[in-house]
Amino acid sequence: MFILYMLFGYLLGSIPFALVIGKVFYHTDVRNYGSGNLGGTNAGRVLGKKAGIAVIVLDALKCVLAIYLVSLFDKQASIWCGLAVCIGHCYPVFAHFKGGKAAASMFGFLFAVSLFTVNNFLCFLIPFLCFMICLYFSKMVSLSSMVASLTSTLCLIFFKAETSVIIASLLMAVLIIYRHQGNIKKILNGTENKVKWL
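First residue of the sequence shown: 1, per full-length UniProt numbering; consecutive thereafter.
Laid out in structure tokens, this is it:
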């Protein structure tokens, strides 16, 4: 069953909402514009604020739905199912394995884990506030996402979450930082794009 839960999470995470919303409502393939990334930031940059927010919310809900459904049967498996959603979002089978960078999915993971596993909403709230504060001052979603991913792991350690949750969060942080390699170079060079539509 564990493999089926992981497969479910991966397939759910593979739904490219930026691509779907772009093509259905705007007749635009966001992969051909901006950064070419299938995430909320690029969707907002290419399609506008409403589309960007819609993509962010839907990408987060993918993780919330997966963790909630699987937690009804196996709480431990739900954690890894959530991680599988993030992997699916980054490497979606429905979009030639070229997806987003899992920032929104990470917050969906933290939100669901806080409610259904850890039972401590601060494990979501603190990283989210760190993200918003960093975004306010830097205007860089990439930097804010990486800061939040590391903060989330530290929070889970501080609040003494189960080891499996901490490991999953750490792996997610590694995934997010890895997906932002290009952004890290731009940040160091002072050429990183700053968000104007948020």
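Yeah, the Cβ is synthetic: ideal placement off N, Cα and C, and Gly gets one too. Just so we're clear, the structure is a prediction, and the values are computed from it rather than from any experiment.
Q: Could you check what DSSP says for residue 203 in three-state terms: helix, strand or coil?
A: This structure cannot speak to residue 203, because the chain is shown only from 1 to 198.
Q.
Once DSSP output is grouped into helix, strand and coil, what is the label at Leu-92?
A. The residue given as residue 92 occupies position 92 in the sequence shown. It is Pro, not Leu, that sits at residue 92 in the sequence shown. Coil, per DSSP.
Q. Pairing CB atoms from the region 90-100 with CB atoms from the region 30-38, are three or more of them under 8 Å?
A. yes
**Q.** Contact check, Ala-103 vs Ser-138, beta carbons under 9 Å
**A.** In the sequence shown, the residue the question calls residue 103 occupies position 103. In the sequence shown, the residue the question calls residue 138 occupies position 138. For Ala-103 and Ser-138, no; Cβs fall outside 9 Å.
Q.
Since Leu-175 and Cys-63 should fall inside the 8 Å C-beta cutoff, what is the C-beta to C-beta distance between them, to a whole number of angstroms?
A. Locating residue 175 in the sequence shown gives position 175, where the first residue counts as 1. Locating residue 63 in the sequence shown gives position 63, where the first residue counts as 1. Going by Cβ atoms, the distance from Leu-175 to Cys-63 rounds to 13 Å, so no, they are not a contact pair.
**Q.** Through-space distance from Leu-19 to Leu-38, alpha-carbon basis
**A.** Residue numbering aside, residue 38 sits at position 38 when the sequence shown is read from its first letter. Residue numbering aside, residue 19 sits at position 19 when the sequence shown is read from its first letter. Distance between the alpha carbons of Leu-38 and Leu-19: 7 Å.
Q: Find the nearest neighbour of Gly-88 within the set Ser-78, Gly-99, Leu-129, His-180, judged by alpha-carbon distance.
A: The residue given as residue 88 occupies position 88 in the sequence shown. Out of Ser-78, Gly-99, Leu-129, His-180, Gly-99 has the C-alpha closest to the C-alpha of Gly-88.
Q. If we ignore side chains and look at the alpha-carbon of each, how far apart do residue 200 and Cys-130 end up?
A. An answer regarding residue 200 cannot be provided, because it is not within the stretch 1 to 198 covered by the chain.
**Q.** Per-residue DSSP class, three states only, for Ala-66
**A.** Taking the first residue of the sequence shown as position 1, residue 66 is located at position 66. Correct three-state label for Ala-66: helix.
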